[in-house]
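S.K.:
In my numbering, the protein residues as written are 271 to 545.
1. Have a look at residue 415 and residue 392 and give me their C-alpha separation to the nearest angstrom.
2. Please report the Cβ distance between residue 367 and residue 333, rounded to the nearest whole angstrom; I am assuming they are in contact, meaning their Cβ atoms lie under 8 Å.
3. Does the count of Cβ pairs from the region 302–321 and the region 376–390 closer than 8 Å reach three?
4. For residue 338, which option in 480, 412 and 380 has the closest C-alpha, if you only look at C-alpha atoms?
5. By Cβ distance below 8 Å, which residues in the same chain neighbour residue 493 in space, the five residues on each side in sequence not counted?
6. Where does residue 456 land, buried or exposed, given buried means 16+ other C-beta within 10 angstroms?
7. In the DSSP assignment, what are the bridge partners of residue 304?
8. Within a Cβ cutoff of 8 Å, which residues of the same chain sit near residue 442, ignoring the five residues on either side of it in sequence?
9. Per DSSP, what kind of secondary structure is residue 362 in: helix, strand or coil?
10. Under three-state DSSP, which class holds residue 451?
11. Go to residue 396, then tell me how far its beta strand (DSSP E) extends in each direction, as first and last residue.
12. Which residue or residues does DSSP assign as beta-bridge partners of residue 436?
13. Cα separation between residue 376 and residue 502?
14. What residues match up with residue 352 in a beta bridge as DSSP calls it?
15. What is the residue span of the alpha helix (DSSP H) that residue 503 lies within?
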């Protein structure tokens, strides 16, 4: 009997040890280093989702995601804390306490629209957001229905270093960069060059970037596309080429090509959406 009990308890202890290796590993492995050294990983579906954030909300969201370990296998609630001091250091801002305070409400109200086959799915981003004024921290709990877009993914996901985007001044630039990352060609096929191409309907592009419906085509081109193209070039060394395609006199889609570094050539043989 003793031997059987010992074996049973040993099995339980072994399972607990295995669980401890996957639960809350984000706190053990990434909170101790600078945020700028972290990597942001998400499913391509989430990268191409429809939503609109302010730049402080986007900065905080990506900082929180960067503290999740993408190889986790549990699907529990994800409680992630961000200090105002870390936020201020990473994004070189003097408004860290204000940004964290307003983001606590803003992030709770955000709805993320994703697609799975023929289904259009709307989900809240956070289950809870707590701002602790005395500590200068925000602690966010991701919606469990969103978590599968952030951890335990084996295919159709993409990653980028947080330090690549910390200087973006526009949430539009950040969102388009994420789209480029999700459609980038495997670097093993490009000689290590970050590049790619895809076609996208203009209405879908506007939704993915979070552009207000009040922006007409002229304002969309000048205030969004031209600004994004310029910021990607000067802050991320990414050349972006957007070729409009018309149905009659109306622009209905864009053919997008991109490549990092002026020394590289943009591949000319494009394709439809992939990955």
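Glycine included, each C-beta is placed from N, C-alpha and C at the ideal position.
Computed from a prediction, not measured in an experiment: that's the story for all the values here.
M.R.: So, to answer that:
1. The count along the chain shown starts at 1 and reaches residue 415 at position 145. The count along the chain shown starts at 1 and reaches residue 392 at position 122. The alpha-carbon atoms of residue 415 and residue 392 are separated by roughly 10 Å.
2. Numbered from 1 along the chain shown, position 97 holds the residue referred to as residue 367. Numbered from 1 along the chain shown, position 63 holds the residue referred to as residue 333. So it is not a contact: roughly 15 Å between Cβ atoms.
3. yes
4. On the chain shown, position 68 is the one that residue 338 refers to. Checking every option, the nearest Cα to that of residue 338 belongs to 412.
5. Along the chain shown, one-based indexing puts residue 493 at 223. Closer than 8 Å at Cβ, skipping near neighbours: 485.
6. Within the chain shown, residue 456 is the residue found at index 186, counting from 1. Counting the other Cβ atoms within 10 Å of the Cβ of residue 456 gives fewer than 16, which makes it exposed.
7. On the chain shown, position 34 is the one that residue 304 refers to. Residue 304 pairs with nothing; no bridge assigned.
8. Residue numbering aside, residue 442 sits at position 172 when the chain shown is read from its first letter. Excluding positions up to five away in sequence, the list reads 479, 480, 481, 494, 497 and 498.
9. Reading the chain shown from its first residue, position 92 is the one you call residue 362. Correct three-state label for residue 362: coil.
10. Numbered from its first residue, the chain shown carries residue 451 at position 181. Here residue 451 sits in helix by DSSP.
11. For the purposes of this step, residue 396 is identified with residue 126 of the chain shown, where counting begins at 1. Per DSSP, residue 396 belongs to the beta strand (DSSP E) from 396–402.
12. Taking the chain shown and counting its residues from 1, the one referred to as residue 436 is at position 166. DSSP, once it has assigned bridges, lists no residue as partnering residue 436.
13. On the chain shown, residue 376 is found 106 positions in, with the first residue counted as 1. On the chain shown, residue 502 is found 232 positions in, with the first residue counted as 1. Answer to the nearest angstrom: the Cα atoms are 26 Å apart.
14. The sequence position of residue 352 within the chain shown is 82, counting from 1. Partner(s): 408.
15. Residue mapping note: residue 503 aligns to position 233 of the chain shown, counting from 1. First-last of the alpha helix (DSSP H) with residue 503: 497–506.
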